[in-house]
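See structure below.
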Amino acid sequence: MSVAGYPGVVRRRRGWIVGLAALVLASGGAFVAGTRLQSPRQAAAKAAPPAASWVTAAVEHRVLTQTIISRGDVVPEGSASAVAPTSVQGEPVLTGLSIAAGDEVTEGMRVIEVSGRPIFVLAGAVPIYRSLRPGMTGTDVAQLQSALGRLGCLDSDTPGFFGDGTKTCVSWLYERAGYEPIPASTAEAADLAAAEQAITDASAALDLARHAVSAKTVGSVVLAALLDVEAAQRGLSDATSSAASALAQASADLDDARDALERAESDPSSTPAVIAAAEAEVRRRDAAVDGTKRSGDAAVAAGSAAVRLAEARLGEARNPEMTSQYIALRQAVQAHSNALAARDAIRQSAGPTVPQGEVVFVPALPARVRAVVGSLGSIDRSATNMSAGHLAELATGQLVVSLTLRSDEVRLIRTGMRAEVLDEQTSTAYSATVVSIDDRPNTGADGQLAFRAELRTNRALPVELTGANLRVTVAAGSTGAASLVVPITAISSTADGATFVSVLSGRDNDPIKVAVTTGLSADGFVAIDPNKPGSLSVADRVVVGR
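Per the working numbering, the very first residue in the sequence shown carries number 73; after that it's consecutive.
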């Protein structure tokens with residue numbers, strides 16, 4: 073049966089629905105109004121601030137580590153630079169280049185040619201600071217000898233002395249690379265020729281002296297010298313006797329003259345003329361005595377000299393080495409020896425040299441090329457970021473991390489401390505160790521003192537990280553073992569310096585003071601040790617504010 077047949081029923085159902093809807097709306101409006109209406113007391117209570125309460129933190133039990141976070145640059149452990157050799161005259165021109173950035177360099181390689189002169193790379197801790205020449209000594213010479221030995225040339229010289237063996241090996245190094253070594257002096261060939269001629273002349277003079285000695289008859293010379301000595305001795309004896317006789321006669325004549333003067337003076341009949349004549353005779357005889365004495369002394373002296381000369385000649389005859397021929401021979405021998413020594417000195421200082429700059433010593437090999445000047449031709453240093461004068465820069469050894477520390481940080485860090493280096497691009501972390509800290513600070517760009525420190529990672533850093541700036545975290549301190557730890561703000565102190573924490577116990581609103589001894593602090597926390605064992609436990613709530 074359809075509804076259309078019962079119109080009265082339809083009207084009654086519509087009325088019932090409308091009434092029900094009105095009742096629901098009325099009830100909802102009454103509920104909303106009831107929830108929003110408040111009494112004045114309720115409104116005041118709701119607007120009042122909340123009751124004060126303690127802000128607390130839990131006591132923890134863990135290892136506390138003090139860390140310093142900084143940033144460091146990845147740099148090679150060692151470096152070396154190639155510059156134009158001192159053998160190059162004028163403006164250097166790049167005439168040969170066998171390396172590029174990123175290439176590996178091994179010992180003995182000729183890496184660059186400048187104006188026709190090579191630059192070799194050798195291993196050595198001492199940078200070359202002078203040209204190495206024959207005859208030199210030093211640790212740099214010994215370093216060169218060791219490198220040449222590793223390349224295969226055995227050196228017979230004393231370590232540290234640039235002798236003939238080192239000359240041979242230096243020539244070998246250059247010739248195997250197709251170069252002629254530079255001689256120590258452009259005039260050394262002429263000097264050697266002159267020295268050889270001096271030896272020839274000295275040898276000829278020596279031969280003549282030896283012939284003169286061998287041709288001399290020693291026996292007849294001794295006999296003649298002996299006869300000369302005897303004749304000289306007789307001459308001396310005769311001169312002595314004659315001088316004595318002449319002096320005696322002159323003295324007697326003087327005495328006679330004096331006697332005659334006395335007689336004349338005592339004779340009354342003597343005239344003044346007679347007396348004057350007697351006085352003159354005395355004076356003449358006195359002068360004669362003096363003259364005779366001087367003549368006799370001279371004759372005796374001459375005789376003595378003749379004896380000494382004859383005896384000396386006899387001594388020479390008896391000792392052949394004292395003869396003029398032997399003296400000439402000794403002089404010829406010495407001249408020949410001097411000529412040989414002069415030639416040897418020239419030879420020692422002559423030969424191949426290693427001009428400063430033609431060898432680059434690096435601390436360790438193989439090395440890697442960090443940068444190199446452009447292409448062949450005039451050197452354009454503006455094309456690279458290398459230091460002025462550098463033709464190539466080599467990196468050696470392991471990559472390390474270099475960072476700077478502030479004055480307050482350097483006091484907390486020591487060599488041997490552990491650290492972590494983070495490559496933020498790849499999120500790769502590397503364990504590291506602090507290996508060095510500068511004793512003296514440098515002044516940074518901001519004017520603050522900064523100390524350079526170096527870290528070495530436990531595993532090698534990739535070459536691609538060279539020059540990268542990485543995050544560094546250094547564990548500057550640690551409690552070692554787990555200990556009780558609270559926020560620093562939980563620590564209070566008394567007037568006498570004692571420290572304590574305030575602990576909330578259960579539902580008690582009044583905190584209890586617990587005396588503690590503080591230890592290491594880091595990252596806003598501090599390690600503590602209760603003065604009374606058991607007075608503080610893990611998870612206890614300590615007051616940090618209110």
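Positions of the beta carbon are idealized from the N, C-alpha and C atoms, including for glycine.
Who pairs with residue i in a beta bridge, going by DSSP?
| i | result |
| --- | --- |
| Val506 | Leu527 |
| Pro424 | Pro255 |
| Ser450 | Val165 |
| Ile191 | Ile184 |
| Ala599 | Val557 |
| Ile418 | DSSP output for Ile418 lists no bridge partner at all. |
| Ala547 | Thr139 |
| His462 | Val155 |
| Thr500 | Asp495 |
| Ala129 | Val614 |
| Thr272 | According to DSSP, which records beta bridges pairwise, Thr272 is partnered with nothing at all. |
Can you tell me whether residue i is helix, strand or coil according to DSSP?
| i | result |
| --- | --- |
| Ala219 | helix |
| Leu280 | helix |
| Arg330 | helix |
| Leu494 | strand |
| Gly144 | strand |
| Ser574 | strand |
| Glu176 | strand |
| Gln520 | coil |
| Arg478 | strand |
| Val616 | strand |
| Ile200 | coil |
| Leu592 | strand |
| Lys585 | strand |
| Thr566 | coil |
| Ser607 | coil |
| Val535 | helix |
| Arg306 | helix |
| Gly237 | helix |
| Val473 | strand |
| Val441 | strand |
| Thr312 | helix |
| Val432 | strand |
| Arg134 | strand |
| Thr209 | strand |
| Ala413 | helix |
| Ala249 | coil |
| Ser467 | What sits at residue 467 in the sequence shown is Ala, not Ser. Ala467 falls in the strand class under three-state DSSP. |
Alpha carbon to alpha carbon, how far is residue j from residue i? Give it in angstroms, no decimals.
| i | j | result |
| --- | --- | --- |
| Ala384 | Asn410 | 31 Å |
| Arg677 | Leu166 | The structure shown does not extend to residue 677, since the chain is modelled only from 73 to 618, so the question has no answer here. |
| Met181 | Gln215 | 17 Å |
| Gly207 | Ser474 | 42 Å |
| Ile271 | Leu412 | 6 Å |
| Glu430 | Ala547 | 46 Å |
| Gly46 | Gly461 | Because the chain here runs from 73 to 618, residue 46 falls outside it and cannot be looked at. |
| Val301 | Ala281 | 28 Å |
| Ala318 | Asp279 | 56 Å |
| Ser479 | Gly150 | 26 Å |
| Ala320 | Gly307 | 20 Å |
| Gly101 | Ser125 | Confidence in Gly101 is poor, its pLDDT being 47 and thus under 50, which makes the residue's placement unreliable; the coordinate value appears in the next sentence. Their Cα atoms are separated by approximately 40 Å. |
| Ala554 | Ala491 | 20 Å |
| Thr566 | Leu136 | 25 Å |
| Leu333 | Thr364 | 22 Å |
| Ile485 | Leu533 | 23 Å |
| Ala267 | Pro438 | 46 Å |
| Ala303 | Leu386 | 13 Å |
| Arg419 | Arg222 | 27 Å |
| Gly144 | Asp263 | 59 Å |
| Ile627 | Ala501 | Limits of the chain in this structure are 73 at one end and 618 at the other, which puts residue 627 out of reach. |
| Ile184 | Val155 | 10 Å |
| Thr487 | Thr515 | 22 Å |
| Gln428 | Phe192 | 11 Å |
| Arg618 | Val127 | 5 Å |
Would you call the segment 520 to 539 and the segment 571 to 591 touching, i.e. three or more CB-CB distances under 8 Å? no
Where are the alpha helix (DSSP H) runs, 4 residues long or more, that stay fully inside the segment 329 to 401, in chain order? 344 to 390
Between the segment 307 to 314 and the segment 364 to 377, do three or more beta carbon pairs fall short of 8 Å? yes
Please determine if the segment 196 to 204 and the segment 418 to 435 are in contact, where contact requires at least 3 C-beta pairs separated by less than 8 Å. yes
Are three or more beta carbon pairs between the segment 158 to 174 and the segment 395 to 407 nearer than 8 Å? no
Below 8 Å, can you find three or more Cβ-Cβ pairs linking the segment 488 to 502 to the segment 153 to 167? no
Check whether the segment 559 to 577 touches the segment 607 to 615, counting contact only when three or more Cβ pairs, one atom from each stretch, lie closer than 8 Å. yes
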